[in-house]
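Under numbering that gives the first Met the number 0, the letters of the sequence shown match residues 0 to 671, in that order. Backbone N, C-alpha and C fix where the C-beta goes; we use that ideal spot for every residue, glycine too. Scroll down for the structure; my scribbles are underneath it.
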Amino acid sequence: MRFPSFDHPVTGTAIPVGALRTKSSCGVGEFLDLIPFADFCAQSSIDLIQLLPINDTGTESSPYSALSAFALHPIYIRFQELPEAEGFSKEILAIKKKYEKLPRYNYRELRDTKLELLHKIFDANERTILASTDLSHWIGKNPWIIEYAVFMNLKRRNFDASWKSWDKHQTPSHSEILSRWNNEQKKKEHLFFAWVQMRLDEQLSKAVEYCSNKGIAVKGDIPIMMNEDSCDAWANPEFFRDDLRAGSPPDDSNPLGQNWGFPIYNWANLKQDGYSWWKQRLSHSAKYFHAYRIDHILGFFRIWAIPYGEHSGFLGWTSPHEPVTSGELASRGFSGDRLRWICQPHVPTNVIEQVNNHDYLGTHGILHTLMDRIGNEELWLFKKEIRHECDIWNSSIPEPVKQALAEQWRNRMILETGRDDTGKPLYCPVWTYKKTTAWNSLSNQERDSLEQLFAQKSRTNELRWKEQAVELLGTLTSSTEMLACAEDLGTIPESVPEVLDTFNILGLKVIRWERKWTEPGQPFKDICAYQVKSVATTSVHDSSTIRGWWEQENGGNDFTRDYGSILDGLPEVTQQAAKNSFSVELAKRVLEKLSETSSALFVVPLQDFLYLDQTFYAENPDDERINVPGSVSTFNWTYRLPVTCEELIKNKNLIASIRSVLSARRTQPKCL
């Protein structure tokens with residue numbers, strides 16, 4: 000869908016579908032809950048609703064771990080709106096009673112409960128559904144359903160296990176998938192998934208149409224990566240690199256980097272196919288969204304690629320990258336033993352002996368299982384059979400020794416990333432190569448020579464990344480009329496701003512992180528000087544809320560130092576307290592100030608808008624978070640509003656406060 004034309008800068012609110020509550024929802028927000036929520040937004044002068052990804056994620060609660068690039072999540076279905084659900088009112092009411100009043104939702108239990116009832120409804124209407132011309136027509140317009148239905152049925156038969164652990168059907172051809180779909184004995188099982196997806200499509204389309212008619216734009220979220228255990232990776236393995244996983248390099252917050260576990264794309268094969276899979280994905284999303292957030296857009300420039308089998312993201316490299324050749328290293332004196340010194344960890348006996356009760360002979364015995372000794376030296380190299388960090392962790396040696404060897408495994412200066420046409424190794428520097436034993440042993444001349452080489456490769460990399468992004472983003476953004484918005488956080492290639500501007504892709508400005516980090520006191524950047532082609536926001540799903548940041552992360556002190564005028568008129572005592580304690584009055588003043596941003600879109604998570612009403616302050620602001628990165632718990636991704644949409648509509652004071660906060664912004668000239 001085309002992004003609507005507004006006569007003023009756009010203001011939106013961000014909310015996961017699952018977080019919504021209405022009188023009709025069953026334990027979790029549902030697509031049709033967007034209808035009363037749109038009424039609230041329209042009354043509050045909110046122009047846009049921003050959602051998290053809404054694709055089926057199977058047993059995973061993270062919306063960024065999709066089983067399918069196309070299938071919608073069945074947890075968001077509204078039973079009462081199903082034509083086939085007549086006669087199931089008792090079961091529906093039982094689900095509502097059990098789950099609807101919980102502060103957060105139990106993802107796996109609720110998913111299982113909803114799927115169980117969907118199966119019962121389908122079975123009760125089997126004859127009618129199987130003969131439905133509406134369903135057959137819908138299938139004809141949505142050919143992706145064939146792979147998804149066959150995959151999901153096999154997954155159900157394998158008790159939701161990853162397809163990689165199945166005894167059969169791990170690597171089917173497209174003709175084999177089609178043959179299985181056409182198998183009459185499995186027709187009912189496959190059509191169950193098609194029927195559910197058809198009804199989800201109808202309900203989401205109805206909700207989005209209502210939003211559009213209310214003048215509310217809907218912004219979706221398209222994760223760049225696909226789950227390893229996804230229908231797409233199973234049915235189209237040629238589009239993925241199963242030997243490499245995506246992640247991020249080491250930084251201050253994650254000294255070992257991050258390994259997200261998702262296979263990276265095989266862009267060469269996707270290009271040969273005209274990027275049809277990606278174009279279809281975007282075209283499908285355009286049925287529901289006026290705008291979309293491209294998650295981790297930096298991955299279209301370059302992705303951090305990690306060999307399959309590495310636990311962390313430490314030993315990865317940027318893909319694509321300009322490799323360091325064996326010849327380039329040899330010309331600088333690094334061949335034979337010297338090359339081995341910088342590309343393979345050399346483990347001293349005493350380092351392992353220290354974690355093995357200072358048992359010299361015992362340490363030798365352990366090391367011989369995984370390593371080869373270098374002559375008579377007290378120095379060891381990993382055996383050729385030890386190819387990845389997981390080989391260390393899967394061994395039967397003592398845990399402290401595993402830990403020490405894993406640390407030594409990462410102690411290398413350069414990393415082999417492949418082979419050239421003659422079979423010679425290609426390399427790249429490890430992200431933290433200057434902290435390695437090998438680097439610290441080199442002469443100044445050797446260091447200077449290598450740094451010049453690495454800098455040359457880095458400059459070439461920047462050109463390659465720009466070239467790739469121009470091709471990919473140019474092709475993909477032109478395939479739909481949706482407004483493209485980027486998640487471009489982190490360390491970015493030099494060309495990112497230019498490329499985004501070229502294709503009219505809006506960047507992201509998380510206001511608390513838009514600071515002059517190298518200056519004393521790290522002052523905030525001027526919110527009125529943000530580039531117009533951007534989305535400014537107070538918080539994101541991976542951060543604390545604005546109240547949590549203000550009270551728990553020194554945000555109040557930092558913000559009032561640079562924007563002290565928001566405290567004008569408050570008594571001195573109140574001004575001091577306000578720096579550490581958020582309040583309704585502060586919420587009003589802060590949001591008014593931030594709404595002055597020059598960004599074309601200003602998106603405020605609904606939790607941050609709710610701070611305009613004291614009723615909605617949780618005792619602990621952490622309870623209002625959506626996700627805590629780096630943690631694995633049932634808390635993550637299960638946030639629900641403390642109030643129904645119907646009650647929000649009746650809250651005239653809250654609506655008036657939001658309208659007041661946004662009133663000045665709505666008088667500004669349009670910028671999109």
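Indicate the three-state DSSP secondary structure (helix, strand or coil) for residue i in the structure shown.
i    : result
F261 : strand
G246 : strand
N105 : coil
K382 : coil
A485 : strand
P171 : coil
C342 : helix
E327 : helix
T614 : helix
S533 : strand
D622 : helix
T317 : strand
Y359 : helix
D525 : coil
N54  : strand
I396 : coil
A216 : strand
L661 : helix
D46  : coil
P347 : strand
F36  : helix
T431 : coil
Give me, in chain order, the residues of the same chain whose beta-carbon lies closer than 8 Å to that of residue i; leave out the 5 immediate sequence neighbours on both sides.
i    : result
S284 : G219, I221, Y291, T479 and M481
E486 : R292, I293, D294, H295, I296 and L507
R331 : E445, S448, L449 and L452
According to the Cβ coordinates, are residue i and residue j closer than 8 Å?
i    : j    : result
V9   : D46  : yes
L199 : L66  : no
V509 : L600 : no
T476 : A483 : yes
S60  : Y106 : yes
F523 : D561 : yes
Y638 : R103 : yes
A13  : Q42  : no
K578 : S656 : no
Y98  : G26  : yes
A437 : I351 : no
F121 : W194 : yes
V572 : Q613 : no
K113 : I76  : yes
Y287 : L203 : yes
L425 : P322 : yes
W303 : D228 : no
A18  : G28  : yes
V16  : F5   : no
Around the Cβ of residue i, are there at least 16 other Cβ atoms within 10 angstroms (buried) or fewer (exposed)?
i    : result
V602 : buried
E623 : buried
E388 : buried
K154 : buried
G298 : buried
F615 : buried
L51  : buried
S24  : buried
L472 : buried
C527 : exposed
T643 : buried
T435 : buried
Leaving out five residues before and five after residue i in sequence, what residues of the same chain have Cβ atoms less than 7 Å from its Cβ?
i    : result
F150 : C230, W233 and A234
L269 : F238, W276 and W277
L81  : I120 and R198
R665 : H7 and S44
Leaving out five residues on either side along the sequence, give the residues of the same chain with a beta carbon under 6 Å from the beta carbon of residue i.
i    : result
W430 : P248 and P249
L404 : I391
D541 : N626 and P628
P604 : A13 and S538
Q) Hey, is the region 252–269 in contact with the region 186–196, meaning 3+ C-beta pairs nearer than 8 Å? A) At 8 Å Cβ cutoff, the stretches do not touch.
Q) Is it a yes or a no for the region 577–594 touching the region 544–555, going by three-plus beta-carbon pairs under 8 Å? A) The region 544–555 and the region 577–594 touch, with three or more beta-carbon pairs separated by less than 8 Å.
Q) Three or more beta-carbon pairs under 8 Å between the region 388–404 and the region 364–373, yes or no? A) At 8 Å Cβ cutoff, the stretches touch.
Q.
Any contact between the region 300–317 and the region 407–418? By contact I mean 3 or more CB pairs, one from each, below 8 Å.
A. Touching, per the Cβ criterion.
Q) Can you find at least 3 beta carbon pairs, one from the region 640–650 and one from the region 559–576, that sit closer than 8 Å? A) The region 640–650 vs the region 559–576: no contact.
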